Structure formats: C-alpha cells, structure tokens
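Trainee:
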Amino acid sequence: MSLTVTANKDTGVAVVTLDRPDRLNAIDLGLRDRLVAAWRELRFDDTVRAVVLTGAGERAFCTGLDRDAVVPQPNSPYMTDDPLLRVGPKANDLWKPVVAAVRGMACGGAFYLLGEADFIVADPTATFFDPHTTYGMVSAYESMLMALRIPYGEAARMALMGSAERLSARRAHEIGLVSEVTEPGGALAAAVDCAAVIAGYPAEGVQGTVRALWAAKEAALAQAFAQAPHLITLGNLPVERQTDLFRARRREHRVR
544 MSLTVTANKD TGVAVVTLDR PDRLNAIDLG LRDRLVAAWR ELRFDDTVRA VVLTGAGERA
604 FCTGLDRDAV VPQPNSPYMT DDPLLRVGPK ANDLWKPVVA AVRGMACGGA FYLLGEADFI
664 VADPTATFFD PHTTYGMVSA YESMLMALRI PYGEAARMAL MGSAERLSAR RAHEIGLVSE
724 VTEPGGALAA AVDCAAVIAG YPAEGVQGTV RALWAAKEAA LAQAFAQAPH LITLGNLPVE
784 RQTDLFRARR REHRVR
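Quick note on the numbering used here: the sequence shown kicks off at 544 and runs consecutively.
(1) Cβ of residue 653 within 8 Å of Cβ of residue 606?
(2) Assuming contact is defined by CB atoms lying nearer than 8 Å, are residue 626 and residue 600 in contact in what I supplied?
(3) With DSSP collapsed to three states, give me the class of residue 497.
(4) On a Cα-Cα basis, can you pick out the residue from 634, 610, 619 that is closest to residue 764?
(5) How about residue 684 and residue 655: do their beta carbons lie closer than 8 Å?
(6) Quickly, what does DSSP pair residue 662 with across the bridge? List them, please.
(7) State yes or no: is the C-beta of residue 608 within less than 8 Å of the C-beta of residue 647?
(8) Beta-carbon within less than 7 Å of residue 728's beta-carbon, same chain only, minus the 5 sequence neighbours each way: which residues are those?
(9) If we count Cβ pairs, one from each stretch, closer than 8 Å, do we get three or more for the segment 698-711 versus the segment 742-752?
(10) My parser needs the alpha helix (DSSP H) runs of 4 or more residues fully inside the segment 691-744; what are they?
(11) Using 8 Å as the cut-off, can you tell me whether the segment 581-590 makes contact with the segment 765-774, which would need three or more C-beta pairs spanning the two stretches below that distance?
(12) For a quick check, are the C-beta atoms of residue 767 and residue 664 less than 8 Å apart?
(13) With DSSP as the reference, please indicate the residues paired to residue 551 in a beta bridge.
(14) Using CA atoms only, rank isn't needed, just tell me which of 576, 548, 558 is closest to residue 612.
(15) Determine the extent of the alpha helix (DSSP H) in which residue 608 is found, giving its start and end residues.
(16) Cα-Cα, which of 790, 562, 674, 762 is closest to residue 603?
(17) List the endpoints of the continuous beta strand (DSSP E) containing residue 595.
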C-alpha cells in the first residue's frame, strides 16, 4: 500500500503516512485516490479528533506528482484536469485539525498538502522548494497556497527561483511556514504530541476553529484558483519539452 493510516483510540489521533519512500513519496494516481478516500473516511470516524500527516523514510515528506504518472486529459483547453487539486483534507471537507510532520524534501505538489495543513512541524533536515519554473511549468495552485501562508516576497522567490532555491527548516520557521523545528528525528513525535493536546479538547470547538481559520482565506483562494487552469494552459511547455529539461537536469547532477 502507498498510504497507511493508523489511529490511536486512546489519544484520538490518526497518523496518515505517505508510504512510497522508494519514490520519495511522490503521488501517483493510486496514492491520490487513497488520500481522498482517507480524508473522507476520517470525516465519519468520531474516535479520531486530530490528524498527523507525514511521509515514510528519511529523504522526503513528498516530492509532488510522480513524474511517471499518466494523467488522462480531456481533448479541450477548457477542461484541464489537475490530478492533485482534490488531494488535501480541506478539499475533501475534513475540518478536523491536521498537523504536518516534515522530514527531508517537500516540494512542488507537496504544497497542495502542506497548504491545507493547519500547521507544520519540521525536522532540521526539511527543505522546501518549488521546481515548476525550472522544468517549464507554471507554479499556479502551489504558489497560490504558499502566498497565503508566507510573505509574498518569500512565496515569489521560492516559486520563481525553482530548483535553485531550497528553503531550509530554519528559514521556513523564520518566515512562518513552519511553526516548530525539532531535534533531529523528532518531527513526527512532536506533531503527534501537538495533535494529542488538540484532540483532548471538545471536538466541536476545535473543528469550528479550523473552519473559521480556513474561512479567513478561502475566498481569496477560490478567486485565485479560478485563474489557475488558464495560466497553466498558457504557460506550460509541452510535456515532451518538460521531460527533456527534467532529464537534462538529472544528467547535470550525475556529472557533478
């Protein structure tokens, strides 16, 4: 399985783990569907009052959409399907608090998940970056989500600098993307501890607070998202050209 969900009935905390460490926890369509199903199932499990989202292994939390994923598209520029648009908890109407525990790389499509987490706890090895522009793609949904979490200039720098800009855990904490940087190897345990505290409070008040916090930015996000499909259609290079750039970048790293 590419996703594991474990729940502690005593604490009320569920841990959702992206479990494709051999692929740096990149999201293929199977994992996407399992995430959607997991968020929807958690809506109905009243024994779970808080959720921790993390990635398996030490190298990455998530590296976005799997480059080998085949995404069917309608033959129309007016009906482009984004495979990760519904991958997060808020997009699936889950209003239980979600704490992300990040170790290693978190990049590109990982921001769909981090953008919908309520706060982020990071290991010192965590790095955040957005490679879209490097490979001839528009960073639309990802940069829109980040622009509502961190100062505009920081979101712009990360999106525009592409693979050349890697935000450290320390810097992510300084600009407010990350709420806590733990001791090495401690991010998951710290996130679980936070979730357990929250899960110990009356669920109605907690979930109402999550909904209120999201309401503060969802109108702006909805307006921004409405522009994203057109920007992507206009700005993305053809897939073949993106692949060429990706392979060239890989060869460059191997030479180094």
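All C-beta atoms in this analysis are idealised placements derived from N, C-alpha and C, irrespective of residue type, glycine included. Because the structure is a prediction, the values reported are computed rather than measured.
Mentor: Walking through what the data contain:
(1) If you check the CB distance, residue 653 and residue 606 come in under 8 Å.
(2) With contacts defined as CB atoms closer than 8 Å, residue 626 and residue 600 fail to qualify as a contacting pair.
(3) Not covered by the structure: residue 497. The range shown for the chain is 544 to 799.
(4) That would be 634, whose Cα lies nearest to the Cα of residue 764.
(5) A contact, by the Cβ cut-off of 8 Å.
(6) Answer by DSSP bridge pairing, in chain order: 642.
(7) The Cβ-Cβ distance between residue 608 and residue 647 does not fall below 8 Å.
(8) So the list reads 666, once near-sequence residues are dropped.
(9) Under the 8 Å Cβ criterion, the segment 698-711 does not count as touching the segment 742-752, having fewer than three qualifying pairs.
(10) Taking only runs of at least 4 residues, the alpha helix (DSSP H) segments lying wholly in the segment 691-744 are 695-704, 712-717, 730-742.
(11) The answer is no - the segment 765-774 does not touch the segment 581-590, with fewer than three Cβ pairs under 8 Å.
(12) Result no, Cβ atoms of residue 767 and residue 664 do not sit closer than 8 Å.
(13) According to DSSP, residue 551 bridges with 556.
(14) Closest by C-alpha distance to residue 612, out of 576, 548, 558, is 576.
(15) That residue, residue 608, is in no alpha helix (DSSP H); it is neither H nor E in DSSP.
(16) For residue 603, the closest C-alpha among the options 790, 562, 674, 762 is that of 562.
(17) 593-598 is the extent of the beta strand (DSSP E) around residue 595.
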